[in-house]
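>
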Ligand SMILES: *Cc1c(COP(=O)(O)O)cnc(C)c1O
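In structure tokens, the structure reads:
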């Protein structure tokens, strides 16, 4: 490696060490829907976004296997060249039907969906107004669009209206539906009113809401009683509650047509493997039909919150599967995660810059696949860690 590159990387590595910011990957082998093997140790996983317990569902694997057995593993080209398959079309049609929108467009990931949507809808003379806690992909997307980026304090619709009043050109008002690191829900009715009053387009990224919350699992927008007029651009991912991979935007036919032509992260990347699209359709069936998964999940959430309150733990205002315990400093959050790991639990510490400085946390996530006993065991372990850190 040339000396200057070694020097640059060394400086960055020192800086990371200085702020407890070194990140490592663990090789985890899933044993079932909630247990993973980490080396010699078996851990109960409380750090997955597989909220409905679908990632290990045999119907998803069977759908993907059938597709793989029939032929190609890869789609061979981008969708506009020759990579668009019946499996992609079926998934888009199914998602549009489920979310009661005219059309849907499937991207290879949520990160790419957000890049394509914001750069496809806003340019240099436009404005993007965003919640301060929006997901990194939305921040990056706004930056890449070249639009003026105006941010407002978390979940503050009044401040959003002030920023919209300062905006120029076309304005996009952008928010997570359910916030990824806090688990709370955006003030969607208030934001919809602001957007309407200033002719802005409301974009909701409901990566953690669709499949989980609202009537039939149709997400936080449906939960708030809002529809396509209020939220013309609705984003979801297939990597979380759907237990699969990829993402989508749902909206009008014109929106999808526009993005197919303008969204560079759709145009200039190989289409999702058809087997993944087939698994996505199988997941959608379970998401639509299995209300019992959402019921089981909300029981686990209630049990966790009740138990945590009894232990005197500070909870954030979330009634969904994301139940963070804010610790504060990164070092302390890492020590908690390590102590829980020794007791057989995978609970990952989330540190700055993913969350604001001073709010490092254990991002506990619950799944329909957890049993009540698992939640009790986690609470006991947290209590034990507090007494003997
Ligand atoms: C996870 C997430 C994404 C990214 O989705 P992927 O499909 O994992 O790329 C986008 N937005 C939000 C709010 C997310 O939580």
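In the working numbering, the protein residues as written are 2 to 390.
Think of the CB as a built atom: it goes at the ideal place given N, C-alpha and C, for glycine as much as any other residue.
(1) How big is the Cα-Cα spacing for residue 266 and residue 71?
(2) Which residues are close to ligand 1, meaning CB closer than 5 Å to any heavy atom, in chain order?
(3) Is residue 324 closer than 8 Å to residue 367 when the C-beta atoms are compared?
(4) Which residue wins for smallest C-alpha separation from residue 53, given the options 214, 132 and 250?
(5) Is the CB-CB distance between residue 279 and residue 64 below 8 Å?
(6) Suppose you measure from the CA of residue 292 to the CA of residue 145; what does that come to, to the nearest Å?
(7) Along the chain, where does the beta strand (DSSP E) that runs through residue 206 open and close?
(8) Would you identify the three-state DSSP class for residue 128, choosing helix, strand or coil?
(9) Name the residue from 100, 378, 286 and 257 whose alpha carbon lies nearest to the alpha carbon of residue 108.
(10) Leaving out five residues before and five after residue 170 in sequence, what residues of the same chain have Cβ atoms less than 7 Å from its Cβ?
(11) Counting Cβ pairs, one atom from each stretch, are 3 or more of them under 8 Å apart for the stretch 301-321 and the stretch 82-93?
(12) Just tell me which of 69, 182, 7 and 244 has its CA closest to the CA of residue 110.
(13) With residue 1 as the anchor, note down where its alpha helix (DSSP H) starts and where it stops.
(14) Determine, using beta-carbon pairs with one atom in the stretch 177-191 and one in the stretch 199-212, whether at least three such pairs fall under 8 Å.
(15) Look up residue 39 in the DSSP assignment and give the residues it is bridged to.
(16) Skipping 5 residues on each side, what residues in its chain have a beta carbon closer than 6 Å to that of residue 69?
(17) In the DSSP assignment, find the alpha helix (DSSP H) that holds residue 59 and state where it starts and stops.
(18) Checking 8 Å against the spacing of the C-beta atoms, do residue 249 and residue 114 come in under that value?
(19) Which runs of the beta strand (DSSP E) fall wholly inside the stretch 235-276 and span at least 3 residues, in chain order?
(20) Going by C-alpha to C-alpha distance, which of 11, 220, 172 and 231 sits closest to residue 191?
(21) Going straight from the alpha carbon of residue 296 to that of residue 218, what length do you get?
(22) Extract the residue ranges of the beta strand (DSSP E) inside the stretch 314-353, only unbroken runs of 3 or more that lie entirely within it.
(23) Pull up the distance between the alpha-carbon of residue 225 and that of residue 140, whole angstroms please.
(24) Quick check on residue 153: buried or exposed, where buried means 16 or more other Cβ atoms within 10 Å of its Cβ?
(25) Can you tell me which residues form a DSSP beta bridge with residue 302?
(26) If you draw a straight line from the alpha carbon of residue 347 to that of residue 45, how long is it in whole angstroms?
(27) Buried or exposed, going by whether 16 or more other CB atoms sit within 10 Å of the CB of residue 374?
(28) Taking the Cβ atom as the reference point for each residue, do residue 227 and residue 252 lie within a distance shorter than 8 Å?
(29) DSSP three-state call for residue 363: helix, strand or coil?
(30) Return no unless some Cβ of chain B is closer than 8 Å to the Cβ of residue 295.
(31) Go to residue 373, then tell me how far its alpha helix (DSSP H) extends in each direction, as first and last residue.
(32) Determine the burial state of residue 28: buried for a count of at least 16 other Cβ atoms within 10 Å of its Cβ, exposed for fewer.
(33) Are the Cβ atoms of residue 195 and residue 143 separated by less than 8 Å?
(34) Can you give, in chain order, each stretch of the beta strand (DSSP E) that sits fully within the stretch 109-191 and has at least 3 residues?
(35) Measuring alpha carbon to alpha carbon, tell me which of 120, 329, 238 and 184 ends up nearest residue 259.
Quick answer:
(1) In the chain shown, the residue the question calls residue 266 occupies position 265. In the chain shown, the residue the question calls residue 71 occupies position 70. Rounded to the nearest angstrom, the two C-alpha atoms are 28 Å apart.
(2) Residues flagged by the Cβ proximity filter: 110, 111, 112, 136, 138, 177, 181, 206, 208, 238, 240 and 248.
(3) Locating residue 367 in the chain shown gives position 366, counting from the first residue. Locating residue 324 in the chain shown gives position 323, counting from the first residue. Contact flag set, yes.
(4) Here residue 53 refers to the residue found at position 52 of the chain shown. The candidate whose alpha carbon is nearest that of residue 53 is 214.
(5) Here residue 279 is taken as the residue at index 278 of the chain shown, counted from 1. Here residue 64 is taken as the residue at index 63 of the chain shown, counted from 1. A contact, by the Cβ cut-off of 8 Å.
(6) Along the chain shown, one-based indexing puts residue 292 at 291. Along the chain shown, one-based indexing puts residue 145 at 144. When rounded, the separation of the alpha-carbon atoms in residue 292 and residue 145 is 39 Å.
(7) The residue labelled residue 206 in the question sits at position 205 within the chain shown. Note, residue 206: beta strand (DSSP E), 202-206.
(8) By 1-based counting over the chain shown, the position of residue 128 is 127. For residue 128, the three-state secondary structure derived from DSSP is strand.
(9) As a position in the chain shown, residue 108 is number 107, starting the count at 1. Closest by alpha carbon: 257.
(10) Counting from 1 along the chain shown, the entry for residue 170 is found at position 169. Contacts found: 126, 127 and 128.
(11) Judged by Cβ distances under 8 Å, the stretch 301-321 makes no contact with the stretch 82-93, as fewer than three pairs qualify.
(12) For this step, residue 110 is matched to residue 109 along the chain shown. The residue from 69, 182, 7 and 244 with its alpha-carbon nearest to that of residue 110 is 244.
(13) Only positions 2 to 390 of the chain appear in this structure, which leaves residue 1 out of reach.
(14) Cβ pair count under 8 Å is three or more, so yes.
(15) To locate residue 39, count along the chain shown from 1; it is residue 38. For residue 39, the pairing in a beta bridge is given by DSSP as 42.
(16) Counted from its first residue, the chain shown places residue 69 at position 68. If we look at residue 69 and ignore the five residues flanking it on each side, its Cβ neighbours are 276.
(17) The residue labelled residue 59 in the question sits at position 58 within the chain shown. Segment 59-70, the alpha helix (DSSP H) holding residue 59.
(18) Here residue 249 corresponds to residue number 248 of the chain shown, with the count starting at 1. Here residue 114 corresponds to residue number 113 of the chain shown, with the count starting at 1. Result yes, Cβ atoms of residue 249 and residue 114 sit closer than 8 Å.
(19) Qualifying beta strand (DSSP E) stretches, in chain order: 248-252.
(20) In the chain shown, the residue the question calls residue 191 occupies position 190. That would be 231, whose Cα lies nearest to the Cα of residue 191.
(21) Numbered from 1 along the chain shown, position 295 holds the residue referred to as residue 296. Numbered from 1 along the chain shown, position 217 holds the residue referred to as residue 218. For residue 296 and residue 218, the distance between alpha carbons rounds to 11 Å.
(22) The stretch 314-353 is shown to contain whole beta strand (DSSP E) runs of 3 or more residues at 323-329, in chain order.
(23) By 1-based counting over the chain shown, the position of residue 225 is 224. By 1-based counting over the chain shown, the position of residue 140 is 139. Computed Cα separation, rounded: 24 Å.
(24) The residue given as residue 153 occupies position 152 in the chain shown. Per the 10 Å Cβ criterion, buried.
(25) One-based indexing of the chain shown puts residue 302 at position 301. Its beta-bridge partners do not exist; DSSP assigns none.
(26) Looking up residue 347 in the chain shown gives position 346. Looking up residue 45 in the chain shown gives position 44. Residue 45 has its alpha-carbon roughly 6 Å from the corresponding atom of residue 347.
(27) Working through the chain shown from its first residue, we reach residue 374 at position 373. Residue 374 comes out exposed.
(28) One-based indexing of the chain shown puts residue 227 at position 226. One-based indexing of the chain shown puts residue 252 at position 251. Inclusion of residue 227 and residue 252 in the CB contact set at 8 Å is not warranted, their separation being larger than that value.
(29) Within the chain shown, numbered from 1, the residue matching residue 363 stands at position 362. Strand, per DSSP.
(30) Here there is only one protein chain, and chain B is not present.
(31) Here the question's residue 373 lines up with position 372 in the chain shown. Start and end: 373-388.
(32) Sequence index remark: in the chain shown, residue 28 carries index 27 (1-based). Its Cβ having fewer than 16 others within 10 Å, residue 28 is exposed.
(33) Translated into positions along the chain shown, residue 195 becomes position 194. Translated into positions along the chain shown, residue 143 becomes position 142. When the beta-carbon positions are compared, residue 195 and residue 143 stay at least 8 Å from each other.
(34) Segments of the beta strand (DSSP E) lying fully in the stretch 109-191: 128-132, 149-153 and 172-177.
(35) For the purposes of this step, residue 259 is taken as the residue at position 258 of the chain shown. Each of 120, 329, 238 and 184 was checked against the Cα of residue 259, and the nearest Cα belongs to 120.
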